[in-house]
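See below for the structure under consideration.
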Amino acid sequence: MPLDTTQLAARAGISLSSTSEHGAILRDCGLVTSYRDGRHMIHSLTPLGRHVLTGNHRWSPAASRAPETHLP
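Residue numbers (our numbering): 237 to 308.
Next comes the structure, spelled out in structure tokens:
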């Protein structure tokens, strides 16, 4: 399920500014995608992000073409 920055900050127990900074790094690494919905930034895991989070050792570059999965 996609989460906005405020929801992620609450779950992680960090500030909104830290959450935004970390989100930018994760986007640059290709681990999450984000889009603006009005005043909110909505974040979702990419297939690569899901692989890193779950430790699925069967991931391959072809998996990046799989449908996008969302943050838990």
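We put the beta carbon where it would ideally sit given N, CA and C, even for glycine.
May I have the straight-line CA-CA distance separating S251 from T290, to the nearest angstrom?
For the purposes of this step, residue 251 is identified with residue 15 of the sequence shown, where counting begins at 1. For the purposes of this step, residue 290 is identified with residue 54 of the sequence shown, where counting begins at 1. Rounded to whole angstroms, S251 to T290 spans 25 Å at the Cα level.
Got a sec? Which residues, its chain only, sit under 7 Å from T242 by beta carbon, not counting five neighbours each side?
For the purposes of this step, residue 242 is identified with residue 6 of the sequence shown, where counting begins at 1. L252, listed in sequence order.
Can you check which of these residues, V268, R272, P238 and I278, is closest to G285 by C-alpha distance?
Taking the sequence shown and counting its residues from 1, one reaches residue 285 at position 49. The candidate whose alpha carbon is nearest that of G285 is V268.
Quick one: Cα of R272 to Cα of I278, how far?
One-based indexing of the sequence shown puts residue 272 at position 36. One-based indexing of the sequence shown puts residue 278 at position 42. When rounded, the distance between both Cα atoms is 6 Å.
G274 to P283 span [Cα, whole Å]:
Taking the first residue of the sequence shown as 1, we reach residue 274 at position 38. Taking the first residue of the sequence shown as 1, we reach residue 283 at position 47. Going by the C-alpha atoms only, they are around 25 Å apart.
Limits of the unbroken alpha helix (DSSP H) element including I261
By 1-based counting over the sequence shown, the position of residue 261 is 25. From DSSP, the alpha helix (DSSP H) with I261 extends over L252 to D264.
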